[in-house]
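Going by this note's numbering, the letters in the sequence shown line up with residues 3 to 122, in that order.
Structure first, commentary second.
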Amino acid sequence: MNIIGNIIWLLIGGIIASALWFLAGALLCITIIGIPFGLQCFKISVFVLWPFGKEIELGHFGAGGLIFNIIWLIVFGWEFAIAHLIIGALFCITIVGVPFGLQHFKFAKLGLIPFGAKIR
Numbered sequence: 003m004n005i006i007g008n009i010i011w012l013l014i015g016g017i018i019a020s021a022l023w024f025l026a027g028a029l030l031c032i033t034i035i036g037i038p039f040g041l042q043c044f045k046i047s048v049f050v051l052w053p054f055g056k057e058i059e060l061g062h063f064g065a066g067g068l069i070f071n072i073i074w075l076i077v078f079g080w081e082f083a084i085a086h087l088i089i090g091a092l093f094c095i096t097i098v099g100v101p102f103g104l105q106h107f108k109f110a111k112l113g114l115i116p117f118g119a120k121i122r
């Protein structure tokens, strides 16, 4: 089921979402200060490409990760989370789109606090 979900996911926008996260990471990596944030965008980009069958484990960050998560949340995170929440809500309107909406809710969680998050 995970393989079928991932293939359908790619066809209905997974490639576009992954490309947008990758573009955000590339833009952030242009500056030296944005490199840690850009690397997190690259991590999320790979996760967005194949989300079915993977889970997010939050909360494995130290003091540096906490500081970066706070900066991320203030500057970037809330926009990413709101976008994924809106898209997830739109998918959940139909019964067929519920699994895809739930994936967007996972991305919203990861979009809020990516530092220290483990994808398994």
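For each residue, glycine too, the CB sits at the ideal point set by N, CA and C.
Owing to the predicted nature of the structure, the values given are computational and were not obtained by experimental measurement.
Q.
Short of 7 Å in beta carbon distance, which residues of its chain neighbour Ser20, apart from the five on each side in sequence? Order them along the chain.
A. Reading the sequence shown from its first residue, position 18 is the one you call residue 20. Hits under 7 Å: Ser47, Val50 and Leu51.
Q | Whole-number beta carbon distance between Trp11 and Cys43, since they are thought to touch under 8 Å | A | By 1-based counting over the sequence shown, the position of residue 43 is 41. By 1-based counting over the sequence shown, the position of residue 11 is 9. Rounded, the Cβ-Cβ distance is 19 Å, inconsistent with contact.
Q: Could you pull out every residue in the same chain whose Cβ sits closer than 7 Å to the Cβ of Phe78, ignoring the five residues on either side in sequence?
A: Along the sequence shown, read from residue 1 onward, the residue named residue 78 stands at position 76. Contacts found: Phe39.
Q: Put Ile72 into one of helix, strand or coil per three-state DSSP.
A: Mapped onto the sequence shown, residue 72 falls at position 70. Ile72 falls in the helix class under three-state DSSP.
(Q) Using only CA atoms, which one of Val100, Gly64, Phe54 and Met3 lies nearest to Phe117? (A) As a position in the sequence shown, residue 117 is number 115, starting the count at 1. The shortest C-alpha separation from Phe117 is found at Gly64.
Q: Would you mind stating whether Gly113 and Gly103 have Cβ atoms separated by less than 8 Å?
A: Here the question's residue 113 lines up with position 111 in the sequence shown. Here the question's residue 103 lines up with position 101 in the sequence shown. The answer is no: Cβ separation not under 8 Å.
(Q) Nearer than 7 Å: is that true of the beta carbon of Gly7 relative to any heavy atom of the ligand ATP? (A) No copy of the ligand ATP appears in this structure; indeed no ligand is present at all.
Q) Span of the alpha helix (DSSP H) holding Leu112? A) By 1-based counting over the sequence shown, the position of residue 112 is 110. Start and end: Val100 to Leu114.
(Q) Rounding to the nearest angstrom, what Cα-Cα distance links Pro101 and Gly66 in this structure? (A) Position 99 of the sequence shown, counted from the first residue, corresponds to residue 101. Position 64 of the sequence shown, counted from the first residue, corresponds to residue 66. Pro101 and Gly66: Cα-Cα distance of roughly 34 Å.
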